[in-house]
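Only one structure is covered here, and it is reproduced in the block below.
Residue numbers (the working numbering), protein chains in the order written: chain B, 11 to 106; chain G, 1280 to 1417.
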């Protein structure tokens, strides 16, 4: 079952990453159903935060430290996506 | 296994369990709460703390090395930007004219959303039914 060094910490990180995937997929309900556009943006934002956490957990669980760089870039793009969509769907602007 | 290693493993386990707990609270809140403002509230607080716990566990597991600095920077960045993004989304909802849900309100969040051409056909009959029952106090 364990991939990397095979100790208990590796299994802990991989199991937590698997449960985080389940919680991230649950966000898709709000992203599809959400009555307003802002509900969908919020659900995708939470899903992106969960993705960053999953990438960081996999970086330790699989022993691939380059996943941390991917997680850092994903966090930057996730924040930019939320603010940009919030700004450009309101006519008057001035969101923050 | 030395005592320090055991303590570190226990700390990692506690941090991962805390992150799962807070992320579960955030997921239940985003799915179950009635309107966009309360959902933005739970997304900004519970989800940020869950991500912080998980990244702290990652940093603790990596120990003292260069990649730990990246993890700590990622943690600080998420602590700054996640509430900011939720605030921007909630403010965009307010500028869009979405009313907040209150506890003496029988309407659902779908009825409180402003009229949009793409989903107006689904919400129109429900809103008419509620308004005829006089759910809105004068």
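Beta carbons are placed, not taken as given, at the ideal position from N, Cα and C, and that holds for glycine.
query	result
Chain B residues whose Cβ lies nearer than 9 Å to that of residue 1328/G	Ordered by position in chain B, no residue passes the 9 Å Cβ test against residue 1328/G, which lies about 11 Å from the chain.
Beta-carbon neighbours of residue 85/B, restricted to chain G and to distances below 8 Å	1353, 1356, 1357 and 1360
Pairwise C-alpha distance: residue 53/B and residue 92/B	10 Å
Beta carbon proximity, residue 1318/G to chain B, threshold 7 Å	yes
Short CB-CB distance (under 7 Å) between residue 1337/G and chain B	yes
Whole-angstrom distance between residue 1380/G and residue 1401/G, CA atom to CA atom	At residue 1401/G, the pLDDT of 45 sits below 50, so the modelled position is not reliable; the number obtained from the coordinates is stated separately. Using only the alpha carbons, I get a separation of about 19 Å.
Secondary structure of residue 1328/G, DSSP reduced to three states	helix
Chain B contacts from the segment 1366 to 1386 of chain G (Cβ-Cβ distance under 8 Å)	1366, 1367, 1368, 1369, 1370, 1371, 1372, 1374, 1375 and 1377
Span separating the alpha-carbon of residue 69/B from that of residue 57/B	18 Å
Reduced DSSP secondary structure (H/G/I, E/B, other) of residue 1344/G	coil
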